[in-house]
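Its first residue numbered 1, the sequence shown is counted upward by one per residue in this note's numbering. Where is the CB? At the ideal position from N, CA and C, for every residue including glycine. Written out below as structure tokens is the structure these notes cover.
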Amino acid sequence: MATTSFRPYAVVSLLIIFFIQPSISIYCDEDDCYDLLGVSQNANSSEIKRAYYKLSLKHHPDKNPDPESKKLFVKIANAYEILKDEVTRGQYDYAIEHPEEVFYNTARYYHAYYGHKTDPRAVLVGLLLVLSGIQYLNQWTRYHQAIDMVKRTPAYKNKLKALELERTGAISSKKKGGYKIDKKMQEDISKELELQIKGAEKPSVWGLLGVRFILLPYTLGKLLLWHGCWYWRYKINKTSYSLEDASYLTRRALGASRDSWEYLDESTKKDLIDRRLWVKSNLENYLLEMRKESKRRR
Numbered sequence: 001m002a003t004t005s006f007r008p009y010a011v012v013s014l015l016i017i018f019f020i021q022p023s024i025s026i027y028c029d030e031d032d033c034y035d036l037l038g039v040s041q042n043a044n045s046s047e048i049k050r051a052y053y054k055l056s057l058k059h060h061p062d063k064n065p066d067p068e069s070k071k072l073f074v075k076i077a078n079a080y081e082i083l084k085d086e087v088t089r090g091q092y093d094y095a096i097e098h099p100e101e102v103f104y105n106t107a108r109y110y111h112a113y114y115g116h117k118t119d120p121r122a123v124l125v126g127l128l129l130v131l132s133g134i135q136y137l138n139q140w141t142r143y144h145q146a147i148d149m150v151k152r153t154p155a156y157k158n159k160l161k162a163l164e165l166e167r168t169g170a171i172s173s174k175k176k177g178g179y180k181i182d183k184k185m186q187e188d189i190s191k192e193l194e195l196q197i198k199g200a201e202k203p204s205v206w207g208l209l210g211v212r213f214i215l216l217p218y219t220l221g222k223l224l225l226w227h228g229c230w231y232w233r234y235k236i237n238k239t240s241y242s243l244e245d246a247s248y249l250t251r252r253a254l255g256a257s258r259d260s261w262e263y264l265d266e267s268t269k270k271d272l273i274d275r276r277l278w279v280k281s282n283l284e285n286y287l288l289e290m291r292k293e294s295k296r297r298r
């Protein structure tokens, strides 16, 4: 029994046949633009123009009511639009000579016909909407994955049980499988425990690229105002730093993020602020102390 071997080049040939035709037909469908006007590929612009006017008079819907003639008129008009312009005609000639360059020819066609017709502002808005949608979906997925992981940990389950006991003031009923928690109360308490998780924060509309771009003038204005007030208050008037501004300077000197700073207890924050670490010498002394402490613990 003879077997037929599957040859890769057969697939390649089929793909070439399938894609080459659309590469050319994107201009005048299945027709040749030159044949539609009845001119050769070497015809000059005057010959193309005369051929179009002659055919348009013959097939114009006002002159010829035949439906087929109307369809042909649309094709002729399209062919003329392509061939009357030197750029698009050159692109069409290139597509005829290089039908294998499917994607390149297609990209050039759509850029020539639709690129200049599209409002850049609409493109920008569309791009921002798409990116914002992807960003929100990514944050939503990461956040809920992190929440699901936290809910599986023993620490979370124990905290859930402790909160239920605290709310009900009763002892949970022991069963064969362990403590049983009321489902409705578990859901209610669970919502309270869904805190922001570092690296997977809850999605916020205000953090989306599109919203940030819209609010960019406001953000820049606010930033300039903040710097102006800072310079006036602390550089010109030599006022003492407020607690909030001293916290900002300390956090910046240590290279700590806002979240890391918020996790510190109040006594540690106060001690760091009192050290005035935004002064270079104070920061160097503090870092030296930390290195000595680290070596001592080893």
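Give the straight-line distance between the Cα atoms of residue i and residue j, rounded to the nearest whole angstrom.
i           : j           : result
residue 233 : residue 247 : 16 Å
residue 174 : residue 149 : Confidence at residue 174 is low in this model, with a pLDDT of 46, below 50, so its placement is unreliable and no value can be given for it.
residue 98  : residue 62  : 39 Å
residue 70  : residue 64  : 8 Å
residue 67  : residue 60  : 10 Å
residue 26  : residue 100 : 14 Å
residue 133 : residue 239 : 45 Å
residue 261 : residue 126 : 38 Å
residue 146 : residue 154 : 15 Å
residue 267 : residue 244 : 15 Å
Grab the span of the alpha helix (DSSP H) containing residue i for me, first residue to last.
i           : result
residue 62  : Note, residue 62: premise wrong, no alpha helix (DSSP H); not H, not E.
residue 212 : 209-214
residue 147 : 120-151
State the CB to CB distance for the pair residue i and residue j, rounded to an integer number of angstroms; the pair is presumed to be in contact (CB under 8 Å).
i           : j           : result
residue 48  : residue 75  : With 8 Å as the limit, residue 48 and residue 75 do not qualify as a contact, their Cβ atoms being about 15 Å apart.
residue 210 : residue 128 : 4 Å
residue 208 : residue 136 : 6 Å
residue 254 : residue 277 : 6 Å
residue 250 : residue 220 : In fact, because the Cβ distance is near 26 Å, the residues do not count as touching under 8 Å.
residue 217 : residue 139 : Not a contact, Cβ separation roughly 25 Å.
residue 156 : residue 201 : With 8 Å as the limit, residue 156 and residue 201 do not qualify as a contact, their Cβ atoms being about 18 Å apart.
residue 73  : residue 56  : 7 Å
Grab me the residues of residue i's own chain with a C-beta within less than 7 Å of its C-beta, minus the 5 sequence neighbours each way, in chain order.
i           : result
residue 275 : 282, 286
residue 39  : 47, 48, 51
residue 79  : 28, 33, 36, 37
residue 205 : 211
Near residue i, what residues of its chain come up, given a Cβ to Cβ distance below 6 Å and the 5 sequence neighbours on each side ignored?
i           : result
residue 158 : none
Apart from the five residues on each side of it in sequence, which residues of its chain come closer than 8 Å, Cβ to Cβ, to residue i?
i           : result
residue 89  : 82, 83
residue 229 : none
What alpha helix (DSSP H) runs, 4 residues minimum, are completely inside the segment 253-288?
As for any alpha helix (DSSP H) of minimum length 4 sitting wholly inside the segment 253-288, the runs are 258-263, 266-274, ordered along the chain.
Runs of alpha helix (DSSP H) wholly within the segment 37-112 (minimum 4 residues, chain order)
Here the runs fully enclosed are 45-59, 67-83, 86-97, 102-110.
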